[in-house]
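Note sheet for the following structure.
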Amino acid sequence: MKFFKPLLIAALCATALSAWADVNVGVTISATGPAASLGIPEKNTIALMPKTIGGQKINYIVLDDASDTTAAVNNTRKLIAENKVDVILGSTTTPASLAMIDVASEAQTPMISVAASARIIEPMDAKKKWVFKTPQNDIMMSLAIAEHMAANGVKTVGFIGFSDAYGEGWSQEFAKAADLKKIKIVANERYARSDTSVTGQALKLMSAKPDAVLVAGSGTPAALPQKTLKERGYTGKMYQTHGVANADFLRVGGKDVDGTFLPAGPVLVADQLPASNPVKKSALAYVAAYEAAYGKGTVSTFGAHAWDAGLLMSSAVPVALKKAQPGTPEFRAALRDALEQTKDVSGAHGVFNMTAADHLGLDQRARVMVKIENGAWKYQP
Numbered sequence: 001m002k003f004f005k006p007l008l009i010a011a012l013c014a015t016a017l018s019a020w021a022d023v024n025v026g027v028t029i030s031a032t033g034p035a036a037s038l039g040i041p042e043k044n045t046i047a048l049m050p051k052t053i054g055g056q057k058i059n060y061i062v063l064d065d066a067s068d069t070t071a072a073v074n075n076t077r078k079l080i081a082e083n084k085v086d087v088i089l090g091s092t093t094t095p096a097s098l099a100m101i102d103v104a105s106e107a108q109t110p111m112i113s114v115a116a117s118a119r120i121i122e123p124m125d126a127k128k129k130w131v132f133k134t135p136q137n138d139i140m141m142s143l144a145i146a147e148h149m150a151a152n153g154v155k156t157v158g159f160i161g162f163s164d165a166y167g168e169g170w171s172q173e174f175a176k177a178a179d180l181k182k183i184k185i186v187a188n189e190r191y192a193r194s195d196t197s198v199t200g201q202a203l204k205l206m207s208a209k210p211d212a213v214l215v216a217g218s219g220t221p222a223a224l225p226q227k228t229l230k231e232r233g234y235t236g237k238m239y240q241t242h243g244v245a246n247a248d249f250l251r252v253g254g255k256d257v258d259g260t261f262l263p264a265g266p267v268l269v270a271d272q273l274p275a276s277n278p279v280k281k282s283a284l285a286y287v288a289a290y291e292a293a294y295g296k297g298t299v300s301t302f303g304a305h306a307w308d309a310g311l312l313m314s315s316a317v318p319v320a321l322k323k324a325q326p327g328t329p330e331f332r333a334a335l336r337d338a339l340e341q342t343k344d345v346s347g348a349h350g351v352f353n354m355t356a357a358d359h360l361g362l363d364q365r366a367r368v369m370v371k372i373e374n375g376a377w378k379y380q381p
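Per the UniProt record's numbering: the sequence shown ends with 381, consecutive numbering throughout.
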């Protein structure tokens, strides 16, 4: 009996420790580098997330991947191996998020990306069953742009996008949307996020004489093609993607981006939405929380994507806690299952309803059209 007593005490202590285990949340985002204007509001938003969920303490381990794909992968490995995280949030960019999938799926750790491309979750397979995301898919926003173009007499369009997965994804999805609306793409160009000149691409676009130009970039680097086109005298309509919906883009673009149209999540113009909009209340809740911490006018759609990731996590954790304890493979699996069963979670960007085949779960309530007027966002009914 003396022999078993210490073992019994140790077992009871281990059980007690397990019962009180914290939920560890690993975060890798681009707080520096070319995507910093997206990553900084995301990092700021992590600080606003709940410290307890379902009575369980939540620990956030936040790492900067500096907009670098290799760094994002290394951060993911570190968070899983050293910090024993139960879920990964991030990363900011599509290339980084795509590269993280193998690591997360191999460790069977759920991952909620705050990057845009549908490729992050489609086509669904054994690896991507562990991956979710909060930003609207490219096709949803492409259709919004094509519909607006068609309604405003645009027959031909020039396209210029990032020379990476973001630009390629947009090229493919916008081509589908343009075809549906009988809009012809007459030029298709690429540039790197770090480029300082796109004069050659701009000249090719202008020589095609398109009615409009769509820039498929994100953050401040997306201003470069538009500024170059304006300098060269282009007078057609300008469109951007939801990847530019932050104050830094307005600051860098200045007067050159006035008159630009883009699709965006409702949070960007939450105070301008009609009372009947189903996302207005939840969008304003994020705006209030963020501005209380960081000042009026500081909200961007990118921080809101992180906020929505936090809401999804807050919805799923209590469900998973009923099945297993944090820090275990069983809890991570239960958390994945709970995320996949998300129903009617109202976020800053839309209402989430996920299924085994849809790890985004947003519908058309997650988009509005916006125009840049005098350096501000203007809702387009």
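The beta-carbon is built from N, C-alpha and C at its ideal position, and this holds for glycine as well.
Is residue i helix, strand or coil when you go by DSSP?
{"i": "S113", "result": "strand"}
{"i": "T70", "result": "helix"}
{"i": "N188", "result": "strand"}
{"i": "D64", "result": "strand"}
{"i": "N374", "result": "coil"}
{"i": "R367", "result": "coil"}
{"i": "G158", "result": "strand"}
{"i": "P263", "result": "strand"}
{"i": "Q201", "result": "helix"}
{"i": "T298", "result": "coil"}
{"i": "S37", "result": "helix"}
{"i": "Q325", "result": "coil"}
{"i": "K78", "result": "helix"}
{"i": "T196", "result": "coil"}
{"i": "V25", "result": "strand"}
{"i": "K57", "result": "strand"}
{"i": "Q341", "result": "coil"}
{"i": "V269", "result": "helix"}
{"i": "T15", "result": "Only weak support exists for where T15 lies, its pLDDT of 43 falling under 50; the value from the coordinates is given anyway. The answer is helix: DSSP assigns T15 an H, G or I state."}
{"i": "S346", "result": "strand"}
{"i": "Y379", "result": "strand"}
Taking the alpha-carbon of residue i as reference, which of the options has the nearest alpha-carbon?
{"i": "residue 454", "options": "D211, E330, A366", "result": "For the chain, the structure presents residues 1 to 381; residue 454 sits outside this window and is missing."}
{"i": "E189", "options": "K182, K181, S197, K204", "result": "K204"}
{"i": "V85", "options": "L63, T69, S67", "result": "L63"}
{"i": "V317", "options": "L38, A333, E106", "result": "A333"}
{"i": "Q56", "options": "G350, L360, V370, A324", "result": "A324"}
{"i": "K281", "options": "A126, I183, G350", "result": "G350"}
{"i": "S67", "options": "Y60, V279, A36, L229", "result": "A36"}
{"i": "V25", "options": "K184, A338, V370, S314", "result": "S314"}
{"i": "A165", "options": "I53, D344, A96", "result": "A96"}
{"i": "H242", "options": "T69, M111, A283, I139", "result": "I139"}
Are the CB atoms of residue j and residue i within a distance shorter than 9 Å?
{"i": "A306", "j": "L98", "result": "no"}
{"i": "D65", "j": "T28", "result": "yes"}
{"i": "T92", "j": "A71", "result": "no"}
{"i": "I101", "j": "I80", "result": "no"}
{"i": "P329", "j": "V23", "result": "no"}
{"i": "V287", "j": "A270", "result": "yes"}
{"i": "A216", "j": "F162", "result": "yes"}
{"i": "K129", "j": "A320", "result": "no"}
{"i": "A144", "j": "K181", "result": "no"}
{"i": "G359", "j": "Y239", "result": "Checking the sequence, you will find His at residue 359 rather than Gly. No, they are not a contact pair."}
{"i": "L311", "j": "V87", "result": "no"}
{"i": "G33", "j": "F302", "result": "no"}
_contact_flag[the region 126 to 133, the region 191 to 198] where n(CB pairs < 8 Å) is 3 or more_ = The answer is no - the region 191 to 198 does not touch the region 126 to 133, with fewer than three Cβ pairs under 8 Å.
*Fully enclosed by the region 209 to 263, which alpha helix (DSSP H) runs are 4 residues long or longer?*
223 to 231, 247 to 253
*Are the region 216 to 224 and the region 245 to 253 in contact at 8 Å, needing three or more beta carbon pairs?*
yes
*Could you pull out every unbroken alpha helix (DSSP H) segment of at least 4 residues lying fully inside the region 117 to 185, listed in chain order?*
Runs found: 138 to 151, 165 to 180.
*Given 8 Å, three or more beta-carbon pairs between the region 358 to 372 and the region 292 to 305*: Here the region 358 to 372 does not lie against the region 292 to 305, with fewer than 3 beta-carbon pairs under 8 Å apart.
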